[in-house]
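Just so we're aligned: the sequence shown equals residues 9 to 125 in the working numbering.
Using N, Cα and C, we set each Cβ at its ideal position, and we do this for glycine too.
Data first, discussion second: the structure below is written as structure tokens.
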Amino acid sequence: MYGSYYSPTTVSNITAQVTKQIEAFHQRTIKANYVCLFLDATYLPLRRDSVQREEVYIALGITSVGIKEVLDYRIAPSENAGVWSEMAEDLKKRGLEQVQLIIADGIASIIARFPES
């Protein structure tokens with residue numbers, strides 16, 4: 009990939025395929041029950057018009073047999089309750105019913121949103 013030239017059409021085609029895969033990931037059905045749900049956010053440098061550090065919100069589920077699954081992620085400029093609320097509702101719509109333990113870093117917006125869902 010590095011040192012190679014790709015035409016604008018090729019880049020557009022690759023982008024379209026990746027976009028479809030990302031949409032499918034965000035819409036896929038998930039298991040109803042997880043033993044544990046880890047919720048956290050981290051800042052990563054992302055390139056849009058310029059390189060900016062943006063918050064990536066991640067929900068990681070652990071099944072009863074110990075398999076870890078990234079259930080969903082969101083990208084936003086800063087951590088806020090609205091993003092966690094949207095993610096909680098989306099996970100519920102996609103099939104999440106019960107979690108035995110939620111682990112989060114104590115941010116009030118996480119605690120406030122997930123029990124409501």
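Please report the straight-line C-alpha distance between residue i and residue j, rounded to a whole angstrom.
{"i": "T37", "j": "L109", "result": "21 Å"}
{"i": "I70", "j": "P53", "result": "27 Å"}
{"i": "K39", "j": "V64", "result": "22 Å"}
{"i": "Y10", "j": "G103", "result": "40 Å"}
{"i": "E94", "j": "I83", "result": "12 Å"}
{"i": "Y7", "j": "D57", "result": "Look at the range of the chain in this structure, 9 to 125, and you will see that residue 7 is not part of it."}
Is residue j closer than 8 Å to residue i when the C-beta atoms are compared?
{"i": "A89", "j": "L47", "result": "no"}
{"i": "V91", "j": "L45", "result": "no"}
{"i": "P85", "j": "E105", "result": "no"}
{"i": "V78", "j": "L68", "result": "yes"}
Under a three-way DSSP split, which group does residue i fall into?
{"i": "D48", "result": "strand"}
{"i": "I30", "result": "helix"}
{"i": "G69", "result": "strand"}
{"i": "D98", "result": "helix"}
{"i": "N21", "result": "helix"}
{"i": "A40", "result": "coil"}
{"i": "P16", "result": "helix"}
Label residue i either buried or exposed according to how many other C-beta atoms from any shown protein chain fall within 10 Å of its C-beta, with 16 as the threshold for buried.
{"i": "A96", "result": "buried"}
{"i": "D80", "result": "buried"}
{"i": "Y51", "result": "exposed"}
{"i": "S24", "result": "The sequence shown places Ala at residue 24, not Ser. Classification for A24: exposed."}
{"i": "Y42", "result": "buried"}
{"i": "A32", "result": "exposed"}
Compute the beta-carbon to beta-carbon distance between residue i and residue j, rounded to the nearest angstrom, for a pair I have assumed lies under 8 Å.
{"i": "A49", "j": "I66", "result": "7 Å"}
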